[in-house]
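J.:
Protein chains: 2
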Amino acid sequence: MRIGLLGFGVVGKGLYDLTQSREDMQVAKVLCLEDITLPDAQVTHDFNDILRDETIDTVVEAMGGLHPAYEFVRAAMEAGKNIVTSNKALVNAYYDDLIPLAQEKGLLFRCTAAVGGGICWLSELERARRAQEITGVWGIMNGTCNYILDNMTRNGLGYGEALKQAQALGYAEADPTADVEGFDTWNKCIISANVAFGVSLEKDGVPVSGISRIAAEDVENFKAHGYVCKLIATGKKLEKGISAYVQPTLFPQGALEAAVPMNYNLISLEGSASGRQSLYGQGAGRYPTAYNVLQDCVDELAGRGFYGPCGEKTAVCNEEKLCYYIRGNADAWLESNKAEAWGNAVVTGPVAVAEAHAWLQNHPEAFLAAIAK
Amino acid sequence: MRIGLLGFGVVGKGLYDLTQSREDMQVAKVLCLEDITLPDAQVTHDFNDILRDETIDTVVEAMGGLHPAYEFVRAAMEAGKNIVTSNKALVNAYYDDLIPLAQEKGLLFRCTAAVGGGICWLSELERARRAQEITGVWGIMNGTCNYILDNMTRNGLGYGEALKQAQALGYAEADPTADVEGFDTWNKCIISANVAFGVSLEKDGVPVSGISRIAAEDVENFKAHGYVCKLIATGKKLEKGISAYVQPTLFPQGALEAAVPMNYNLISLEGSASGRQSLYGQGAGRYPTAYNVLQDCVDELAGRGFYGPCGEKTAVCNEEKLCYYIRGNADAWLESNKAEAWGNAVVTGPVAVAEAHAWLQNHPEAFLAAIAK
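Chains Z and P, in that order, give the protein sequences. Each residue of the first sequence is one higher than the one before, counting from 24 in the numbering used here. Each residue of the second sequence is one higher than the one before, counting from 24 in the numbering used here.
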């Protein structure tokens, strides 16, 4: 395998390092904005050097962002090159475009590192689907949020202070929006549900609420009632259809999710034969992420492409009812659904996921967390 | 794939059920002591009916026990049939015999359900080895022991009472020796280390101590010091060689291992690129176990055999030093290694694993648990 590597940042450099000792693959050319030299690979500023090189059979996209990553990946596929990417935003945004194109053209397209970083999540989901029906997927898919929530829970910090520490340690970016508002988790949620259920979910129907409005008093309320808060992506196959959403969720102290420390991830599936299976590990970081990019390259060497069929466009049905912890300005809806008071906050009786998120849209001041069933 | 199924108990019947809806494989004949009839498979009391049937390409061994399982599997291999087995005792006892035979003869031999039941442990270890060095494997590999220990920890029961409840619920057998003395975990420990490190460990060097001597007062001591006790199998690649052992181990409350409830398993690896990865799920039970047997059949259809080379005979080196909780009759060794007293028990300073287990051999009254580093 001769690889054209797009990007030489955290993941790209990691992949380059991991391929150094291998005989079955070689990074031949690297697209990189900086002026660096590598002993065994040509560095270029021009994507066309990779696109037009017929000896390059596989493009590894490790640039991140939507543009020009999409244009480059699409052009590489049009030129008959196989793709490995760790770019969750790209895969989610262009799922209906890139996956069918790969399958029409008989190209291999894998993106295991896009969900769960170094965890064998998508590849295990592919394996699980061969032998059973998957009825649910869920988990902690963002290390930044887990680090912040874990720090607030263990050390009683406020949100702002916990975020600042995460930034100082490199666990959160200077602009943390994509992580703390749940958008990163949302991309991973939709990709996971698509692969698990063999569909292409209508993305607009998947609500997301993040952790930026959580306060120290919320964490104290959770502790007092024996709960720990995590940001959770969920996909479920229910009688009425497929449910999918991202929201802070409360787990009993002692639950496996509650024990996930620092920036680790934990992702689970429920299968008709295996029951619950959970995978735990590093959801980000140079070598864990590059490890799964490398695994995808090994799988492509063995002829393995995407994890399943692209699947049909499918609307999301979030009628499932959950109880919610909500701290926000009271109104008629909140009053009528109130079951308990926890400090200044309310715990509702069972309300539909779609309904709770619709209410939240109109209450930008509020913080909401579902109570895990 | 036409399957000759040996045994129609928990796992065998499970596999039969799971293959019903598949077009790529079929249980053609079943070896079973009882007089049953099946609509689509011939039931026989005579193994030769399966051995001599040239249309049967794969033998699935789900009988358990060493004999006649070994003789049947060996004869099937001599006759050119591929093997799938869930029998950890068989795979461990005849590792140096069956794995090289499969590789010499170009036969496929898989045993994913032998370690971790329904968890994708051995198959993920196979995947992990393709892309990195594995430096450690460890985990909770026996659901019976975990159920007993969890029940003692959560509900303050004594060992005898917890065992009785486990037996009543079907989580422990009438004769629980293989589980509670750690022999089942010992088989899984050695198979895991063999696959992870590409060796064939000398089994005599792998010490095992189980949970049958634990008492309610030990669990109280652990609680008072913030620990939870689990039965753990460990394999490590250290500078001096490979270390492997099975022993009760104390984890801080809040550690992932401490959160494993009921009869669940949690198995981990440490890899040079991925870092820690942990897999959680059902370590036993009809459909979880049969699920991994089915997965092995699917992998064999794709031409995948054993997880790696058999590896060379390798002596175990248990010089690694750990601190131990020991409750037993005091003697000079215990006195000289004593660092703290916890109730009637002693916590030692760092002592070599081999040394602690040698001492335990001469102290049949004692209970010992390592403190996880």
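Heads up, the beta-carbon is just placed ideally off N, CA and C, and yes, glycines get one too.
For P:ALA64, which residues does DSSP report across the bridge?
T.: Taking the first residue of the second sequence as position 1, residue 64 of chain P is located at position 41. Per DSSP, none; premise fails for P:ALA64.
J.: Helix, strand or coil: which one does DSSP assign to P:PHE390?
T.: For the purposes of this step, residue 390 of chain P is taken as the residue at position 367 of the second sequence. Three-state DSSP puts P:PHE390 in a strand.
J.: Please name the residue or residues paired with Z:LYS260 in a DSSP beta bridge.
T.: As a first step, residue 260 of chain Z is located in the first sequence; it is residue number 237 there, counting from the start. Answer is Z:ILE265.
J.: Using a Cβ-Cβ cut-off of 8 Å, state whether Z:ARG152 counts as contacting chain P.
T.: As a working note, residue 152 of chain Z is residue 129 in the first sequence. For Z:ARG152, the answer is no, since every Cβ of chain P falls outside 8 Å of its Cβ.
J.: Determine the extent of the beta strand (DSSP E) in which P:LYS336 is found, giving its start and end residues.
T.: The count along the second sequence starts at 1 and reaches residue 336 of chain P at position 313. Segment 335-337, the beta strand (DSSP E) holding P:LYS336.
J.: Name the two residues that bound the continuous beta strand (DSSP E) containing Z:GLU57.
T.: By one-based count along the first sequence, residue 57 of chain Z stands at place 34. First-last for Z:GLU57: undefined, no H or E at that position.
J.: Looking only at DSSP bridge pairs, what is Z:CYS252 linked to?
T.: Sequence index remark: in the first sequence, residue 252 of chain Z carries index 229 (1-based). Answer is Z:LEU273.
J.: Determine the contact status of Z:THR60 and Z:MET24, defining contact as a CB-CB distance below 8 Å.
T.: If you number the first sequence from 1, residue 60 of chain Z lands on position 37. If you number the first sequence from 1, residue 24 of chain Z lands on position 1. Going by C-beta atoms, Z:THR60 is not nearer than 8 Å to Z:MET24.
J.: Quick check: is the beta carbon of P:LYS277 nearer than 8 Å to any beta carbon in chain Z?
T.: Start at 1 with the first residue of the second sequence, and residue 277 of chain P comes out as number 254. Per the sequence presented here, residue 277 of chain P reads as Gly, with Lys not at that position. Yes, contact with chain Z.
J.: Can you name the start and end residues of the alpha helix (DSSP H) that P:GLN188 belongs to?
T.: Taking the second sequence and counting its residues from 1, the one referred to as residue 188 of chain P is at position 165. 182-191 is the span of the alpha helix (DSSP H), which, as asked, contains P:GLN188.
J.: Counting only Cβ pairs nearer than 9 Å, list the residues of chain Z close to P:CYS143.
T.: If you number the second sequence from 1, residue 143 of chain P lands on position 120. Within 9 Å Cβ-Cβ: CYS143, GLU147, ARG150, ALA151, SER297, GLN300, LEU302.
J.: With a threshold of 7 Å (Cβ to nearest heavy atom), would P:GLY88 be considered close to the ligand MN?
T.: As presented, the structure is devoid of all ligands, the ligand MN included, so that no description of it is given.
J.: Should P:PRO311 and Z:ALA296 be called a contact, given that it needs their Cβ atoms to be closer than 8 Å?
T.: Here residue 311 of chain P refers to the residue found at position 288 of the second sequence. Here residue 296 of chain Z refers to the residue found at position 273 of the first sequence. Yes, they are a contact pair.
J.: Alpha carbon to alpha carbon, how far is P:SER232 from P:ALA381? Give it in angstroms, no decimals.
T.: Looking up residue 381 of chain P in the second sequence gives position 358. Looking up residue 232 of chain P in the second sequence gives position 209. Between P:ALA381 and P:SER232, the C-alpha separation is close to 11 Å.
J.: Can you pull the chain Z neighbours of P:ALA313, defined as C-beta to C-beta under 8 Å?
T.: Locating residue 313 of chain P in the second sequence gives position 290, where the first residue counts as 1. Chain Z residues near P:ALA313: ALA296.
J.: How is the beta strand (DSSP E) around Z:VAL160 delimited, first residue to last?
T.: Within the first sequence, residue 160 of chain Z is the residue found at index 137, counting from 1. Unbroken beta strand (DSSP E) run through Z:VAL160: 157-163.
J.: Compare the Cα-Cα distances from P:PRO123 to each of P:GLY103, P:GLY304, P:PHE329 and report the closest residue.
T.: Position 100 of the second sequence, counted from the start, is the residue given in the question as residue 123 of chain P. Here the closest residue by C-alpha is P:PHE329.
J.: At 3 residues or longer, what runs of the beta strand (DSSP E) sit wholly inside the segment 119-175 of chain Z?
T.: If we require 3 residues or more, the beta strand (DSSP E) runs fully inside the segment 119-175 of chain Z come out as 157-163.
J.: Nearest-angstrom Cα distance between P:HIS386 and P:ARG350?
T.: Within the second sequence, residue 386 of chain P is the residue found at index 363, counting from 1. Within the second sequence, residue 350 of chain P is the residue found at index 327, counting from 1. Going from the Cα of P:HIS386 to the Cα of P:ARG350 covers about 10 Å.
J.: Quick one: what's Z:ALA313 bridged to in DSSP?
T.: Within the first sequence, numbered from 1, the residue matching residue 313 of chain Z stands at position 290. The partner list for Z:ALA313 (beta bridge, DSSP) is empty, contrary to what the question assumes.
J.: For a contact meaning CB atoms closer than 9 Å, what does Z:LEU121 contact in chain P?
T.: Stepping through the first sequence from its first residue, residue 121 of chain Z is reached at position 98. In chain order: nothing, as chain P lies at least about 24 Å away.
J.: Could you check whether P:LYS344 and P:ASN210 sit closer than 8 Å to each other, using their CB atoms as the reference points?
T.: Stepping through the second sequence from its first residue, residue 210 of chain P is reached at position 187. Stepping through the second sequence from its first residue, residue 344 of chain P is reached at position 321. No, these two residues do not count as a Cβ contact at 8 Å.
J.: Would you report the Cα separation of Z:ALA282 and P:GLN190, rounded to the nearest angstrom?
T.: Indexing the first sequence from 1 puts residue 282 of chain Z at position 259. Indexing the second sequence from 1 puts residue 190 of chain P at position 167. CA-to-CA, the gap between Z:ALA282 and P:GLN190 works out to about 29 Å.
J.: Name the residue from Z:ILE73, Z:THR167, Z:ASN178 whose alpha carbon lies nearest to the alpha carbon of Z:GLU196.
T.: In the first sequence, the residue the question calls residue 196 of chain Z occupies position 173. It is Z:THR167 whose Cα lies nearest to the Cα of Z:GLU196.
J.: Is the segment 217-226 of chain P in contact with the segment 248-256 of chain P, if contact means three or more CB pairs nearer than 8 Å?
T.: The segment 217-226 of chain P is not in contact with the segment 248-256 of chain P.
J.: Taking only beta-carbon atoms, is P:TYR330 less than 8 Å away from chain Z?
T.: On the second sequence, residue 330 of chain P is found 307 positions in, with the first residue counted as 1. Not one chain Z Cβ lies under 8 Å of P:TYR330.
J.: Measuring alpha carbon to alpha carbon, tell me which of Z:TYR268, Z:VAL269, Z:GLY372, Z:VAL34 ends up nearest Z:VAL53.
T.: Walking along the first sequence from the start, residue 53 of chain Z turns up at place 30. Checked all of Z:TYR268, Z:VAL269, Z:GLY372, Z:VAL34; the closest Cα to Z:VAL53 is Z:VAL34.
J.: Beta-carbon within less than 6 Å of P:GLU149's beta-carbon, same chain only, minus the 5 sequence neighbours each way: which residues are those?
T.: Looking up residue 149 of chain P in the second sequence gives position 126. Taken in chain order, the residues that qualify are TYR330.
J.: So what does DSSP say about Z:GLY87, is it helix, strand or coil?
T.: Translated into the one-based positions of the first sequence, residue 87 of chain Z becomes position 64. Residue state, collapsed to three classes: coil.
J.: Using C-beta distances below 7 Å, list every residue in its chain close to P:ILE234, excluding the 5 sequence neighbours before and after it, in chain order.
T.: Sequence index remark: in the second sequence, residue 234 of chain P carries index 211 (1-based). Within the same chain, P:ILE234 has close Cβ partners CYS168, ILE171, LEU172, VAL203, LEU254, PRO271.
J.: Could you tell me whether the Cβ of Z:VAL269 comes closer than 8 Å to any Cβ of chain P?
T.: Mapped onto the first sequence, residue 269 of chain Z falls at position 246. Not one chain P Cβ lies under 8 Å of Z:VAL269.
J.: Determine the contact status of Z:TYR347 and Z:VAL321, defining contact as a CB-CB distance below 8 Å.
T.: As a working note, residue 347 of chain Z is residue 324 in the first sequence. As a working note, residue 321 of chain Z is residue 298 in the first sequence. No. Outside cutoff.
J.: List the residues that DSSP assigns as beta-bridge partners of Z:TYR39.
T.: Numbered from 1 along the first sequence, position 16 holds the residue referred to as residue 39 of chain Z. Its beta-bridge partners do not exist; DSSP assigns none.
J.: Here's the rule I'm using: 16 or more other beta-carbon atoms within 10 Å means buried, otherwise exposed. How should P:MET285 be labelled?
T.: Looking up residue 285 of chain P in the second sequence gives position 262. It is exposed - the Cβ of P:MET285 has fewer than 16 other Cβ atoms within 10 Å.
J.: Could you give the distance in angstroms between the alpha-carbon of Z:GLU358 and the alpha-carbon of Z:GLY228?
T.: Locating residue 358 of chain Z in the first sequence gives position 335, counting from the first residue. Locating residue 228 of chain Z in the first sequence gives position 205, counting from the first residue. Separation of Z:GLU358 and Z:GLY228 (C-alpha to C-alpha, rounded to the nearest whole angstrom) is 26 Å.
J.: Measure the alpha-carbon distance for P:GLY140 versus P:ASN288 and round it to whole angstroms.
T.: Position 117 of the second sequence, counted from the first residue, corresponds to residue 140 of chain P. Position 265 of the second sequence, counted from the first residue, corresponds to residue 288 of chain P. Whole-angstrom Cα-Cα distance: 9 Å.
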